[in-house]
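With mature numbering (1 follows the signal peptide of the UniProt record, and there is no 0) applied, the sequence shown corresponds to residues -34 to -1, 1 to 455, in that order.
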Amino acid sequence: MRNWSPKMKENNLNRVIGWSGLLLTSLLSTSALADNIGTSAEELGLSDYRHFVIYPRLDKALKAQKNNDEATAIREFEYIHQQVADNIPLSLYLAEAYRHFGHDDRARLLLEDQLKRYPGDARLERSLAAIPVEVKSVTTVEELLAQQKACDAAPTLRCRSEVGQNALRLAQLPVARAQLNDATFAASPEGKTLRTDLLQRAIYLKQWSQADTLYNEARQQNTLSAVERRQRFDVLLAGQLDDRILALQSQGIFTDPQSYITYATALAYRSEKARLQRYLIENKPLFTTDAQEKSWLYLLSKYSSNPVQALANYTVQFADNRQYVVGATLPVLLKEGQYDAAQKLLAILPANEMLEERYAVSVATRNKAEALRLARLLYQQEPANLTRLDQLTWQLMQNEQSREAADLLLQRYPFQGDARVSQTLMARLASLLESHPYLATPAKVAILSKPLPLAEQRQWQSQLPGIADNCPAIVRLLGDMSPSYDAAA
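The following block contains the structure:
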């Protein structure tokens, strides 16, 4: 089998290599900002000129925050705020940066100051309400459980938020999760913030099953975004939650072609050979691009228990991939004598493709008529090729059309090219002239008796019908008395 391009292999493994570091960064990069503010001049409420001045600093700040560069992010956001202190969207960006880096107190002061400027602004109020208010210091699990008990006795949005945030800080995720059982709290801005924080904390602590549970609840509530759906799949991969992935795919979730490829590639990267082989057998994705299908074909050719059989039985969806499948499997099938499988494989290609391989199959299966038909087509494509002439004349003889074979050889004589094939053709011509001596007309004898350059060729000429008993012709051919002539000469 031919080797798949290293570039394709590299592309196939690109999503799974380095998950231990890169995946967490990707999953944790989503902003917790309550409103999707945007960065255009209109969305920020800035004039075009002011936006032109501010935007480079804003872009730098957002990138720094995404990369967890606290110093740069805070410095840039604070500079922007100093320039347009009365701008609510940019104030919200600064407050979010404070919260992102753990400075809830600074975020609270900023938002309270802005509310003095803009009393009753819903955006500012929502952002302020989302910041947990620490009324009591909780430093141990015992204190946390006591706080939870008190909140259960007299629940409020604030105490639910406090218990949840304290639980996250102490890595007590079940306690944080329990607060969301309060439907009123779960539907509030504080509850949504806790759910987001709980999810991010679960990912950070690599509590993959907990993260999946939260994603699943969001899906059931129809609040799971497209980005979160992709994040969920990455979480399942990172946690190696194979049974969960298979269960979801059986429900029609993560059944896009790339998900199949990514999961199979992950199994390959983890050396889960047996599981991967079952997965390749049990799943036949419908691909949307030939590149996707090539990735799957690579996996079949590399990791199937019987790669040749897997490729031979695969129904190719894109024409560009058919040549690869046939080229990779046909030689092995022919070598193993699996001619029915070989013919089935060739049938997926246009009739004018891979004629050489079709010819080999017809010869192997002793289909004389088909072999002759293909030999004619191959000869028509390369009439100067002695091998094609050899194939065609031999198949003509096999189909009891030796007269046509002899005529064709006489037309092509002398046979210039590959010495081995040329010798075969001369021997065949001699045999045919023995069977059809009437073909050795004076005109043909005149051509056949012109001395060829090699001594063994001239001796062969001297023994042809119509020449062997022609003394002048014999003298022309053997008159040089070469020591290479044998006793028969």
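In this text, a Cβ means the ideal position worked out from N, Cα and C, and glycines have one as well.
Annotation: the segment 334 to 384 contains no complete segment of the beta strand (DSSP E) (minimum length 3 residues).
Assignment of Q49 by DSSP, reduced to helix, strand and coil, places it in the helix class.
A Cβ-Cβ contact shorter than 8 Å links L56 with I46. Rounded to the nearest whole angstrom, the C-alpha separation of R83 and D52 is 8 Å. DSSP places P316 outside both helix and strand once states are collapsed to three, so it counts as coil. Three or more Cβ pairs drawn from the segment 278 to 292 and the segment 240 to 258 lie within less than 8 Å of each other, which places the two stretches in contact.
For the pair A133 and V141, the CB atoms are nearer than the 8 Å cut-off. When only Cα atoms are considered, I40 and F18 end up about 20 Å apart. Excluding residues up to 5 positions away in sequence, L165, A168, I169, V201 lie with their Cβ nearer than 7 Å to the Cβ of A177 in the same chain. In the structure shown, the three-state DSSP call for A96 is coil. Beyond the five residues adjoining it in sequence on each side, Q357 comes within less than 6 Å, by CB distance, of A341 in the same chain, given in chain order. Collapsing the DSSP output to three states places A330 in a helix. Judged by DSSP secondary structure, Q275 falls within the alpha helix (DSSP H) whose first and last residues are 273 to 279. Shown here for V274: same chain residues with a beta carbon closer than 6 Å to its own, the five before and five after excluded, namely T295, V298 in chain order.
In the DSSP assignment, H402 falls outside any alpha helix (DSSP H) and carries neither an H nor an E.
Look at P121 here: in three-state DSSP terms it is coil, with no helix or strand label. In the structure shown, the three-state DSSP call for Y84 is coil.
Counting every other CB atom within 10 Å of its CB across the protein chains shown gives Q377 a total below 16, marking it as exposed. In this structure, Q309 keeps its C-beta atom at 8 Å or more from the C-beta atom of V291. Judged by pairs of C-beta atoms under 8 Å, the segment 85 to 93 does not touch the segment 115 to 132, as fewer than three such pairs exist. Note that the C-beta distance between A337 and V329 is below 8 Å.
Around the CB of S428, 16 or more other CB atoms lie within 10 Å, so the residue is classed as buried. The C-alpha of A184 is placed about 49 Å away from the C-alpha of A307. DSSP places K172 in no alpha helix (DSSP H); its state is neither H nor E. For the pair S368 and N318, the Cα-to-Cα distance works out to about 27 Å. Secondary structure at N33: coil, using DSSP grouped into helix, strand and coil.
Burial state of K260 is buried, judged by a 10 Å Cβ sphere holding 16 or more other Cβ atoms.
Segment contact: the segment 213 to 220 against the segment 231 to 246, fewer than three CB-CB distances shorter than 8 Å; contact not assigned.
Going by C-alpha positions, L375 is about 21 Å away from E322. When the five nearest sequence neighbours on each side are left out, the beta carbons in the same chain lying within less than 6 Å of the beta carbon of T159 are those of A96, in order along the chain. Comparing alpha carbon positions, the residue from K250, C125, S225 closest to Q197 is S225.
L203 is not a Cβ neighbour of Y181, given a cutoff of 8 Å.
Look at S261 here: in three-state DSSP terms it is helix. Excluding its 5 nearest sequence neighbours in each direction, N365 has C-beta neighbours in its own chain below 6 Å: K334, L338, listed in chain order. By the CB criterion at 8 Å, L265 and P223 fall outside the cutoff.
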